[in-house]
Every structure is written in C-alpha cells, then in structure tokens.
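Chemist: Sending over a structure as structure tokens; questions will come in a sec.
In my numbering, the protein residues as written are 278 to 343.
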C-alpha cells in the first residue's frame, strides 16, 4: 500500500507520511525520567494527537501509560 499525506485526522505510520519524531521523544522521555511536567500546546492540525499516540508506542515498553 502506498503512503499518502494526511491532513484531516491523526496519522498512522503504516498509512501516512510522517516526520521522524525520535528526537522529540528522547527529550520528552528525559523529562518523564526526571519526574518533570511538560505540555504539548500547539494550534489545531499541528500533530498533538499524533505525537501523543506515537509517544505512547515509544514508551509502552518501559512505562504503564494511561
């Protein structure tokens, strides 16, 4: 299946082109490991939900995520 650009909902890595978020996840994980708070605050259609869902997949081996 060919990947497409998605502009209307959360992105799914197997279906949509996505930016590599690994660097962001490393920074966020450092904050979590330190016990720090952080926010994800951007305008609509900026990838907040996609980022949180991908972060869930990134961290689920080490943390219980709710």
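Yeah, the Cβ is synthetic: ideal placement off N, Cα and C, and Gly gets one too. Note that the coordinates shown come from a computational prediction; the quantities given were computed from them, not determined experimentally.
Just list the residues that DSSP pairs residue 343 with in beta bridges.
Modeler: None, per the DSSP bridge assignment.
Chemist: If contact is defined by three or more beta carbon pairs under 8 Å, each pair taking one atom from either stretch, is the segment 313–323 in contact with the segment 287–301?
Modeler: Short answer: they don't touch.
Chemist: Which stretch, first to last residue, makes up the alpha helix (DSSP H) that contains residue 336?
Modeler: From DSSP, the alpha helix (DSSP H) with residue 336 extends over 325–336.
Chemist: For residue 281, which three-state DSSP category applies?
Modeler: The answer is strand: DSSP assigns residue 281 an E or B state.
Chemist: Please report the Cβ distance between residue 298 and residue 326, rounded to the nearest whole angstrom; I am assuming they are in contact, meaning their Cβ atoms lie under 8 Å.
Modeler: Going by Cβ atoms, the distance from residue 298 to residue 326 rounds to 13 Å, so no, they are not a contact pair.
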